[in-house]
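This report concerns only the one structure given below.
There are 2 protein chains.
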Amino acid sequence: MSEGEEIRKAGLKVTGPRMKILMLLEKNDNQHLRAEDVYRMLLEAGEEIGLATIYRVLTQFEVAGLVERHNFEGGYSVFELNRGHHHDHIVCVSCGKVEEFTDDTIEERQKAIARENGFEFGDHSLTLYGRCRDKNCSGRKG
Amino acid sequence: MSEGEEIRKAGLKVTGPRMKILMLLEKNDNQHLRAEDVYRMLLEAGEEIGLATIYRVLTQFEVAGLVERHNFEGGYSVFELNRGHHHDHIVCVSCGKVEEFTDDTIEERQKAIARENGFEFGDHSLTLYGRCRDKNCSGRKG
DNA sequence: AAATCTGATGCAAAAGCTTCTCATCTATTG
DNA sequence: CAATAGATGAGAAGCTTTTGCATCAGATTT
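Quick note, the sequences are listed as chains A and B, same order.
The opening position of the first sequence corresponds to residue -17 in the working numbering, with each subsequent residue numbered one higher.
The opening position of the second sequence corresponds to residue -17 in the working numbering, with each subsequent residue numbered one higher.
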C-alpha cells in the first residue's frame, strides 16, 4: 500500500515533506526519534526540509494516530510509528535506552487502577524508569 | 525536628533560600509543584528569592533524596517532597490532574519486567497516562 | 492543461523552561 | 572575627518547540 493513502485518510494533503517523514519513520520503526533526529537524518539523506515542518507534521501525524509521541525524561519528545500493537516502555535514566514490553497482568491492573481513580481507560500509556546494566551505559539515545 | 538538619546531612549549607523552599514543599506536600510555582508562591509570601536559586536548590534536593522530580507530559518538571513511602502516579493528559497510587501486583511485575530486560530495579518510577472524568477537566495543574 | 483555491512549507523570530556566568554575599571554620 | 568555601541573584544564554508570514504546491474546477 502506498503511504500517501494514510496521509490522505488523515485529511492532510499528500506532500513531499510528509511522505519523506513517514517513510523515514517506517525505515526506523525500531527506534524512538526526536524531531531533531528526523531533521538531521533527512538532511543527511540529501532532502531539503525545514525543522518547523517536522514539528508540525509529527504533531499532525500524532493527532491522526499515525505516530505516537512519548515524553521520556530529558525534556524533549520522541516519536515512533504507530504499529498497531499496544506496548509500554522501560527507559534507562542513565543512558536513555528504551525497551518495549507488554504484560497482561499489568494491563489488567491498569484498567482497575484507572477505574478506581476515575480515569477513562483508553488513551493511556505506561512508562517505567530504571537503570540498565549495559556496559556502555551512560551515553544517550534510544 | 528542624529542617536544617536534613539540609546539613545532604552536605549543603543551611541557608535562607533553602529553608524557605523546603518549608514551602512541606506545607504543600499534597501537590506537585513546578519551579515556577515555588517561585511565585514564595514571592507572594513576601520572600525575596531568585528563580535560578529555585532550580539549583530543587536539583540539589533531588540528588540528596529530599525531593522527587517527575517529568509528566507538558515539557516541564514537577517536584514533591520525598515522604518516604513509594508511590506511582496516574496523570490526566487533558487537564494535568495527578493521582497517586500503589499496587502490589504491579510492583511485583515491575521487578520481573526490569529483570527480564536487564534493568536494575531500585531507582524506578511508573507513570500511567489517561483521561480523567472530572466535570471541570481541561484546565491545568495538579 | 490552465486557473483557482486552500492548505503547506520554510525561515526567522519568539516563546517556554532550564542552565550558566559571574560578581556579590553569607554560612561555616579556625 | 577573619578567612574561605560555597551560595545567591540577575541576566544572558541554551535548548526544544511554536508561531507569523510570505511564498509555494496539491487539489479542484473550468
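Ideal placement from N, C-alpha and C gives every residue a C-beta, glycine not left out.
Bear in mind the structure is a predicted one, so any value in this text is a computation, not a measurement.
- Task: State the CB to CB distance for the pair A:Thr158 and A:Val75, rounded to an integer number of angstroms; the pair is presumed to be in contact (CB under 8 Å).
- Result: Outside the displayed range of chain A (-17 to 124) lies residue 158 of chain A, so it cannot be described from this structure.
- Query: Closest to A:Asp86 by CA distance: which of B:Ala94, B:Val80, B:Glu81 and B:Thr84 is it?
  - Reply: One-based indexing of the first sequence puts residue 86 of chain A at position 104. The shortest C-alpha separation from A:Asp86 is found at B:Ala94.
- Message: Can you check which of these residues, A:Gly56, A:Cys114 and A:Ala46, is closest to A:Lys(-5) by C-alpha distance?
- Response: Against the first sequence, residue -5 of chain A aligns to sequence position 13. Comparing Cα positions, the closest option is A:Ala46.
- Query: chain B beta carbons: is any one of them nearer than 8 Å to that of A:Tyr111?
  - Reply: By one-based count along the first sequence, residue 111 of chain A stands at place 129. Look at A:Tyr111: its C-beta is under 8 Å from a C-beta on chain B.
- Query: Got a sec? Which residues, its chain only, sit under 8 Å from B:His69 by beta carbon, not counting five neighbours each side?
  - Reply: One-based indexing of the second sequence puts residue 69 of chain B at position 87. Taken in chain order, the residues that qualify are Glu82, Phe83 and Thr84.
- Message: Less than 8 Å between the beta carbons of B:Ala(-8) and B:Leu48, yes or no?
- Response: Walking along the second sequence from the start, residue -8 of chain B turns up at place 10. Walking along the second sequence from the start, residue 48 of chain B turns up at place 66. Cβ atoms of B:Ala(-8) and B:Leu48: closer than 8 Å.
- Task: Quick one: grab the DSSP three-state call for B:Gly48.
- Result: Here residue 48 of chain B is taken as the residue at index 66 of the second sequence, counted from 1. As written in the sequence, residue 48 of chain B is Leu, which differs from the Gly given in the question. It is coil, neither helix nor strand.
- Message: With a threshold of 8 Å between beta carbons, is B:His14 in contact with chain A?
- Response: Here residue 14 of chain B is taken as the residue at index 32 of the second sequence, counted from 1. B:His14 does not count as touching chain A.
- Query: Identify the residues that DSSP records as bridge partners of B:Asp11: which are they?
  - Reply: The sequence position of residue 11 of chain B within the second sequence is 29, counting from 1. Note: B:Asp11 sits in no beta bridge, so no partner.
- Task: Establish whether the CB of B:Arg22 and some CB of chain A are separated by less than 8 Å.
- Result: Residue mapping note: residue 22 of chain B aligns to position 40 of the second sequence, counting from 1. So, not an interface residue.
- Between B:Arg115 and chain A, is there a C-beta pair that is closer than 8 Å? Sequence index remark: in the second sequence, residue 115 of chain B carries index 133 (1-based). At a cut-off of 8 Å between beta carbons, B:Arg115 contacts chain A.
- How many Å lie between A:Lys123 and B:Glu90 at the Cα? In the first sequence, the residue the question calls residue 123 of chain A occupies position 141. In the second sequence, the residue the question calls residue 90 of chain B occupies position 108. Confidence at A:Lys123 is low in this model, with a pLDDT of 39, below 50, so the placement of that residue should be treated as unreliable; the coordinate-derived value is given next. Taking the straight line from one Cα to the other gives about 28 Å.
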